[in-house]
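Chains as they are written, first to last, in our numbering: chain A, 1 to 341; chain B, 1001 to 1341.
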């Protein structure tokens, strides 16, 4: 076993789209666990759009990563050594240990992963934060009723794919939006959405309208930008809009399009829309319900998922830059280390 | 008694601010009630900002007034003759009979007014639609907790004054926004708000910030425009925003300010805001609770109100144009006829 670990730190704050130069890859000595601590070896790193927000300063729900700090993120790790009675060598855990190969933990925020529920990578995917984001936002805010129409973008991604499939389980019509024919075919044919529209289609608005003949009752907002503008005129009275992400806007530096904030507010009033932002931890109390329902749905084949694996931590920055552009097809993971050493 | 009635019809659809020429005043023969009908004589006409929306075409929660149609509105009337067993001559009723001196009704939508609850004009004010808009929007969507800060604009008006006073009853801090020193003094000294800011103050944003040292937990949105832009940066995480009106935008024809829709959505996400439009009829089931609580609070002096009376139906158009500019000071009423003939 090497005595050096590998990590990705934030070298500079990106202006607009992140570049390779905003990241720096470093070696560092693998630390030794002290009293009550465990040493962790990262197997999977999850890459998620919210990370773009952590790269910038400015008000958000969480502090930014400091310059020269290890990039934040959740991963799946193996306990290599333990001075903590709650964890044993060989345990598989999920932890926000960042973009690095090894980390210490005092056990706080460490969540044991049950390998019987599915492949351990699903603990940062369909059975983890993205799946729970879909489950809680859709059921607690979106509240789809049977026969209603639910629209979600990034529909082949970790969150969007779960949103549409849960909507179908609840008897609603699911219409996805995704980038390109392959993803749209997958969303319709594999995931069972009622329809899926390519967001690159120059007639996005007209196509979406045709796919939603009864309007839109729930728009699960995870992208923002042009998709939102296509969705907006189709929202029905009393439509609900859980907002968990705005990936299309994350790289925005300045708005140069016509101001439609007044129109937005006018529609909130005339259609009695309900727009509500959330992050998954707001619904932490639902974790038990989520894991029970979602793992059952996955076992029964009612919720399918797809993983998109990038090999090696050194490729995490380029994988992340690709994620922001939709280059991934399924849940973006980075294979940091083997399942077993 | 004259055989001619008087009414105000919509002559043309205003572009931007309504002008006198958008209205036409007409005489018409007072109708005779048929089987099951009652003849009504209008005593009070209520003027409310939502009426601006009814003057324009375009999607809304209600159809527009047709050209040459009688302007819509609710008033307080006396039953002059009745062929309907549910109503007797002399009954006082509230009805959406429009801007006219006399009307027929088959009894549908006719609501008897109990003169023991307060002056009959309050049935279109603090004990009517404006009061219930404040009550339902604040309690069902705003949900102020003790110690939280509630901000409302048009704070000396029919809805805003009730919002702040109910917020105080619930133990919250109430900060009003109103036009001019007289209104602000009234809001603070008579209505008991904790503070009130003049929206004409060039330092509105800074003054509002100083008045809300702990941020804003509930913004009851009834004006939109510049006030919303001052409120927006002060919203706390998990702030709630019931939206029942956007009077500052009603005359807008085109938006020429910077586009801040993306910023709005970004804040919805990062602060987990809940923005929800409503109209009072969405909460019709709460009418009993509202009337019980509000009439008690009025009797106990916990909720005060102020009426702003314009004499004569012929002056209704100018009173309405004034209302859109904040020329009224209190609930805008038009005295159409005497209490008794």
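We treat Cβ as the ideally placed atom computed from N, Cα and C, and that holds for glycine.
Query raised in the report: In the DSSP assignment, what are the bridge partners of residue 1274/B?
Result: Taking the second chain and counting its residues from 1, one reaches residue 1274/B at position 274. DSSP output for residue 1274/B lists 276/A and 1240/B as bridge partner(s).
Query raised in the report: Is there at least one Cβ from chain B nearer than 8 Å to residue 261/A's Cβ?
Result: Numbered from its first residue, the first chain carries residue 261/A at position 261. Chain B, which has a Cβ nearer than 8 Å to the Cβ of residue 261/A, makes this yes.
**Report entry** Presumed contact (8 Å Cβ cut-off) between residue 89/A and residue 80/A, rounded CB distance
**Finding:** As a working mapping, residue 89/A is identified with position 89 in the first chain. As a working mapping, residue 80/A is identified with position 80 in the first chain. Their Cβ separation, rounded to whole angstroms, is 7 Å, which keeps residue 89/A and residue 80/A in contact under 8 Å.
Report task. Could you tell me whether the Cβ of residue 1299/B comes closer than 8 Å to any Cβ of chain A? Result -> Residue mapping note: residue 1299/B aligns to position 299 of the second chain, counting from 1. Judged by the 8 Å Cβ criterion, residue 1299/B is not in contact with chain A.
Report task. Quick one: give me the first and last residue of the alpha helix (DSSP H) that residue 1229/B is part of. Result -> Reading the second chain from its first residue, position 229 is the one you call residue 1229/B. Where residue 1229/B is concerned, the enclosing alpha helix (DSSP H) stretches over 1225-1231.
Report task. Count the other CB atoms, across all protein chains shown, that sit within 10 Å of the CB of residue 189/A; report buried if there are 16 or more and exposed otherwise. Result -> The residue given as residue 189/A occupies position 189 in the first chain. When all chains shown are included, residue 189/A counts as exposed.
Query raised in the report: Which one of 1122/B, 1101/B, 1192/B and 1017/B has the shortest CA to CA distance from residue 1312/B?
Result: Position 312 of the second chain, counting from 1, holds the residue named residue 1312/B. Ranking the options by Cα distance to residue 1312/B, first place goes to 1101/B.
Report task. Out of 1133/B, 1110/B and 1042/B, state which residue places its alpha-carbon closest to the alpha-carbon of residue 1284/B. Result -> What you label residue 1284/B is simply residue 284 of the second chain in a count that begins at 1. Closest option to residue 1284/B, Cα to Cα, is 1133/B.
Query - Integer Cβ distance of residue 1334/B from residue 1047/B, believed to fall under 8 Å - result: Numbered from its first residue, the second chain carries residue 1334/B at position 334. Numbered from its first residue, the second chain carries residue 1047/B at position 47. Correct: roughly 6 Å between the Cβ atoms.
**Report entry** DSSP state of residue 134/A mapped onto helix, strand, coil
**Finding:** Residue 134/A sits at position 134 when you count from the first residue of the first chain. Helix.
Query raised in the report: Since residue 1043/B and residue 1076/B are thought to touch, with beta carbons under 8 Å apart, how far apart are those beta carbons, to the nearest angstrom?
Result: Your numbering for residue 1043/B matches position 43 in the second chain. Your numbering for residue 1076/B matches position 76 in the second chain. Residue 1043/B to residue 1076/B, Cβ: 5 Å. Contact.
Query raised in the report: Where does residue 4/A sit, in a helix, a strand or coil, going by DSSP?
Result: The sequence position of residue 4/A within the first chain is 4, counting from 1. DSSP places residue 4/A in strand when its eight states are reduced to three.
Requested in this report: Return yes when the Cβ of residue 173/A is within less than 8 Å of the Cβ of residue 149/A, no when it is not.
Outcome: Your numbering for residue 149/A matches position 149 in the first chain. Your numbering for residue 173/A matches position 173 in the first chain. For residue 149/A and residue 173/A, yes; Cβs fall inside 8 Å.
Requested in this report: Going by CA-CA distance only, name the one from 170/A, 200/A and 146/A that's closest to residue 184/A.
Outcome: Here residue 184/A corresponds to residue number 184 of the first chain, with the count starting at 1. For the residues 170/A, 200/A and 146/A, the minimum Cα distance to residue 184/A belongs to 200/A.
Report task. Can you have a look at residue 1270/B and say buried or exposed, based on whether 16 or more other CB atoms are within 10 angstroms of its CB? Result -> Against the second chain, residue 1270/B aligns to sequence position 270. The residue is buried, with at least 16 neighbouring Cβ atoms inside 10 Å.
Query raised in the report: Closest by CA to residue 1171/B, which one among 1139/B, 1091/B, 1235/B and 1054/B?
Result: Translated into positions along the second chain, residue 1171/B becomes position 171. The shortest C-alpha separation from residue 1171/B is found at 1139/B.
**Report entry** For residue 1044/B, the first and last residue of its enclosing beta strand (DSSP E)
**Finding:** Within the second chain, the letter at position 44 stands for residue 1044/B. That run of the beta strand (DSSP E) goes 1038-1046.
Query raised in the report: Would you say the stretch 297-312 of chain A touches the stretch 321-334 of chain A, given that touching needs at least three Cβ pairs under 8 Å?
Result: yes
Query raised in the report: So which residues on chain A does residue 1071/B lean against when the C-beta distance must stay under 8 Å?
Result: Position 71 of the second chain, counting from 1, holds the residue named residue 1071/B. Correct list: empty, because the minimum Cβ distance to chain A is about 19 Å.
Query raised in the report: What residues are listed by DSSP as bridge partners for residue 331/A?
Result: Position 331 of the first chain, counting from 1, holds the residue named residue 331/A. Paired residues: 307/A.
Query raised in the report: Is DSSP giving residue 1254/B helix, strand or coil here?
Result: Along the second chain, read from residue 1 onward, the residue named residue 1254/B stands at position 254. The predicted position of residue 1254/B is uncertain, since its pLDDT is 46 and thus under 50; a value taken from the coordinates is nonetheless stated next. Residue 1254/B falls in the coil class under three-state DSSP.
Query - Endpoints, alpha helix (DSSP H) assigned at residue 322/A - result: One-based indexing of the first chain puts residue 322/A at position 322. Residue 322/A -> alpha helix (DSSP H) spans 316-324.
Requested in this report: Using a Cβ cut-off of 8 Å, pull out every chain B residue sitting near residue 278/A, in sequence order please.
Outcome: For the purposes of this step, residue 278/A is identified with residue 278 of the first chain, where counting begins at 1. The answer, in chain order, is 1272.
Requested in this report: Could you pull the start and end residues of the alpha helix (DSSP H) that residue 184/A belongs to?
Outcome: Translated into positions along the first chain, residue 184/A becomes position 184. From DSSP, the alpha helix (DSSP H) with residue 184/A extends over 181-185.
**Report entry** Simplified DSSP assignment, three categories, for residue 1054/B
**Finding:** Translated into the one-based positions of the second chain, residue 1054/B becomes position 54. Residue state, collapsed to three classes: helix.
Report task. Under 8 Å between beta-carbons, which chain A residues line up against residue 1060/B? List them in chain order, please. Result -> Position 60 of the second chain, counted from the first residue, corresponds to residue 1060/B. 270, listed in chain order.
Requested in this report: Note down the Cα distance separating residue 205/A from residue 1336/B, rounded to an integer number of angstroms.
Outcome: As a working mapping, residue 205/A is identified with position 205 in the first chain. As a working mapping, residue 1336/B is identified with position 336 in the second chain. Cα to Cα, residue 205/A sits roughly 49 Å from residue 1336/B.
Report task. Please report how far the alpha carbon of residue 1255/B lies from the alpha carbon of residue 67/A, in whole angstroms. Result -> As a working note, residue 1255/B is residue 255 in the second chain. As a working note, residue 67/A is residue 67 in the first chain. The pLDDT assigned to residue 1255/B is 44, lower than 50, so where the model puts this residue is not dependable, and the model offers no usable value.
Query - residue 153/A, enclosing alpha helix (DSSP H) - first and last residue - result: As a position in the first chain, residue 153/A is number 153, starting the count at 1. Residue 153/A -> not in any alpha helix (DSSP H); beta strand (DSSP E) instead, spanning 149-153.
Report task. Could you check what DSSP says for residue 156/A in three-state terms: helix, strand or coil? Result -> Taking the first residue of the first chain as 1, we reach residue 156/A at position 156. Correct three-state label for residue 156/A: coil.
Query raised in the report: If we ignore side chains and look at the alpha-carbon of each, how far apart do residue 131/A and residue 282/A end up?
Result: In the first chain, the residue the question calls residue 131/A occupies position 131. In the first chain, the residue the question calls residue 282/A occupies position 282. Using only the alpha carbons, I get a separation of about 14 Å.
Report task. Check residue 289/A in the structure and name its three-state DSSP category. Result -> Here residue 289/A is taken as the residue at index 289 of the first chain, counted from 1. Three-state DSSP puts residue 289/A in a helix.
Report task. Give the interface partners of residue 1132/B over in chain A, defined as CB-CB distance under 7 Å, in chain order. Result -> Counting from 1 along the second chain, the entry for residue 1132/B is found at position 132. Here the premise fails: no neighbours, minimum Cβ distance about 16 Å.
Report task. Name, in chain order, the residues that DSSP records as bridge partners for residue 1173/B. Result -> Within the second chain, residue 1173/B is the residue found at index 173, counting from 1. Its beta-bridge partners are 1149/B.
Query - residue 282/A: contacting residues in chain B (beta-carbon distance under 7 Å) - result: Against the first chain, residue 282/A aligns to sequence position 282. Result: 1272.
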